[in-house]
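In what follows, a single structure is set out as structure tokens and then discussed.
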Amino acid sequence: MCHLDKENLGSVNSITLNYQGKAIVSIIIILLALTEGANQLAALLLLRHGANPNLANGKGLTSLLHLVCSCLVDEDFLELFYDMGSAYSNRPLEIDITDDLGRTPLQLALAHGLMITAEFLLRRGADPNIANASGETALHAVCKFPSRGPSAWYYNEYDLTLMLFECSRDRYKPLRVNARNSKGKTPLELAVANHMPDALEVLLDHGADIAGFVYPAANYVVDDELEWIIDVKWRELLGALLCAKRLAKRGYELIWSDALKIMKMFARYGFFEKSDVDLQRSLLDNEGFASRAKSLLVKEDLRLHDLIQLQRPEEVDERVTYQDMFDFVKQDISRFEFDKVGAQEACAVYICEMMSKRFFQSWALYPF
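Mapping to full-length UniProt numbering: the sequence shown position 87 is 87, numbers consecutive.
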């Protein structure tokens, strides 16, 4: 049964009575239905009985905004919610309504990686160029979500970013690809700061300005004791290396200060604190890890166990690319089924250090 969360849902005064003294359900009740286990049927029944889907709670959220922000739902439910919200309340859903931070439903959907919801909103006329209170558009929202956390929905950032461009083009609302937020950051700069090479690729393919690009400082995860932090770190480090490589391929010339920002990531995450030999030995001597690594394919012709045994940077370069490793580590690390967290961490550290050696060596020769 639902209970009222006053902090999140606002005041029960949003419930009014009709002339017969019967309750007219409002946004508060819809929010309750959605909050308690994403009770979709209850939300639809409330809309059927006249709930106003556009009323806001105390924090400026509407039922649609709350739905977008917190629920992973399918397109059938979105269709019903949209149609019933318009039909039975005698008012259309306000597709671009904003919360108290100026965020639209589309921005919230993209910020949470909800591709189905975002595409649904775009197909119904959501404006991707509306800026929130921080000056950020839908494209900024995409480039701030590198899929983090133990319960993050692992999505394809390339598909999500490409979908935004294609749907916006189809609706004749071309994206402001070089728009700057209130801190002066473009979507391209946010994609690099958040180590999102696939989003970067789509941006560059659609006119992102590399001439005015300023290499940003990296955004870091909050370091704590959660096991998933290991998974995030090696994806971010390899993502940072791949971003630098792709920018260089498109004509951007990295300078020493740019390289230093990447190097600081490795230092911040505690890499290069143990010798390569010690890390390699700890992995290969771990029977459980070694057995599992022999069954994991990094790419079609290379198993993880074989990769770890490579010695020289030249050998690594010949066998595997940044893209190969980034695609490999984008997988949820729990699927690797390593016996211990220690083995997971040692593997992540060793792989990142192995892949970054050539990058570090190239900058060690810089005359500073």
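Note that beta-carbon positions come from the ideal geometry of N, C-alpha and C, so glycine has one too.
Neighbourhood of residue i by C-beta, 6 Å cutoff - its chain only, sequence neighbours within 5 removed
{"i": "tryptophan 153", "result": "With a pLDDT of 42 at tryptophan 153, under the threshold of 50, the predicted position of this residue should be treated as unreliable, though the coordinate-derived value follows. Once the five neighbours on either side are set aside, the close Cβ partners of tryptophan 153 are Gly113."}
{"i": "arginine 319", "result": "Leu302"}
{"i": "leucine 204", "result": "Arg250"}
{"i": "aspartate 209", "result": "Asn178"}
Close Cβ partners of residue i (< 7 Å) along its chain, the five nearest in sequence each way excluded
{"i": "histidine 206", "result": "Phe165, Val177"}
{"i": "leucine 78", "result": "Thr117, Phe120"}
{"i": "alanine 346", "result": "Leu279, Ser282, Leu283"}
{"i": "aspartate 324", "result": "Val298, Lys299"}
{"i": "alanine 138", "result": "Leu106, Gln107, Leu110, Pro128, Leu164"}
{"i": "histidine 140", "result": "Asn181, Pro187, Leu190"}
{"i": "lysine 261", "result": "Tyr215, Ala217, Ala218"}
{"i": "alanine 259", "result": "Trp363"}
Cβ-based burial, residue i [other Cβ within 10 Å; buried from 16]
{"i": "glutamate 300", "result": "exposed"}
{"i": "aspartate 362", "result": "Correcting the residue type first, residue 362 is serine in the shown sequence and not aspartate. The residue in question, serine 362, is exposed, as its Cβ has fewer than 16 Cβ neighbours within 10 Å."}
{"i": "isoleucine 24", "result": "Here the model assigns isoleucine 24 a pLDDT of 43, short of 50, so the residue's position is not dependable, and the following value carries that caveat. Under this definition isoleucine 24 is an exposed residue."}
{"i": "glycine 342", "result": "exposed"}
{"i": "leucine 17", "result": "With a pLDDT of 35 at leucine 17, under the threshold of 50, the modelled position of that residue is not reliable, and no figure is offered here."}
{"i": "tryptophan 234", "result": "buried"}
{"i": "residue 381", "result": "This structure gives no information on residue 381, because the portion of the chain shown stretches from 1 to 368."}
{"i": "tyrosine 269", "result": "buried"}
{"i": "asparagine 90", "result": "exposed"}
{"i": "glycine 212", "result": "exposed"}
{"i": "proline 53", "result": "buried"}
{"i": "serine 151", "result": "The predicted model places serine 151 with a pLDDT of 38, which falls under 50 and marks its position as unreliable, so this point remains unresolved."}
{"i": "glycine 85", "result": "buried"}
{"i": "glutamate 236", "result": "buried"}
{"i": "tyrosine 172", "result": "exposed"}
{"i": "alanine 364", "result": "exposed"}
{"i": "alanine 193", "result": "buried"}
Element boundaries [beta strand (DSSP E), containing residue i]
{"i": "valine 298", "result": "297-299"}
Closest Cα partner of residue i within the set the options
{"i": "residue 379", "options": "Ser86, Ile130, Ala364", "result": "Residue 379 lies beyond the stretch modelled for the chain, which goes from 1 to 368, so this question has no answer here."}
{"i": "serine 282", "options": "Gly184, Tyr350, Ser134", "result": "Tyr350"}
{"i": "asparagine 219", "options": "Ala199, Ala240, Val202, Asn156", "result": "Ala240"}
{"i": "lysine 357", "options": "Asp317, His140, Ser182, Arg124", "result": "Asp317"}
{"i": "alanine 133", "options": "Lys183, Lys144, Asp170", "result": "Lys183"}
{"i": "tyrosine 252", "options": "Glu189, Ser291, Met265, Glu287", "result": "Glu189"}
{"i": "glutamine 344", "options": "Ala87, Leu310, Ala293", "result": "Ala293"}
{"i": "histidine 305", "options": "Pro313, Asn286, Gln331, Val192", "result": "Asn286"}
{"i": "alanine 199", "options": "Phe145, Ala87, Pro92", "result": "Phe145"}
Whole-Å CB distance - residue i paired with residue j, under 8 Å assumed
{"i": "phenylalanine 272", "j": "glutamate 353", "result": "6 Å"}
{"i": "leucine 122", "j": "serine 168", "result": "7 Å"}
{"i": "threonine 98", "j": "alanine 126", "result": "Contact doesn't hold; Cβ gap of about 12 Å is too wide."}
{"i": "valine 142", "j": "leucine 238", "result": "20 Å between Cβ atoms; not a contact."}
{"i": "methionine 163", "j": "methionine 115", "result": "6 Å"}
Residue i - containing alpha helix (DSSP H), residue span
{"i": "proline 105", "result": "105-111"}
{"i": "tyrosine 322", "result": "322-329"}
{"i": "alanine 56", "result": "First-last for alanine 56: undefined, no H or E at that position."}
{"i": "glycine 288", "result": "287-293"}
{"i": "threonine 117", "result": "115-123"}
{"i": "serine 257", "result": "256-268"}
{"i": "isoleucine 308", "result": "304-308"}
{"i": "valine 142", "result": "138-142"}
{"i": "alanine 133", "result": "First-last for alanine 133: undefined, no H or E at that position."}
Own chain, CB closer than 8 Å to residue i, minus 5 neighbours either side, in chain order
{"i": "serine 257", "result": "Tyr215"}
{"i": "glutamate 201", "result": "Tyr158, Arg246"}
{"i": "arginine 124", "result": "Tyr82, Ile95"}
{"i": "serine 295", "result": "Arg303"}
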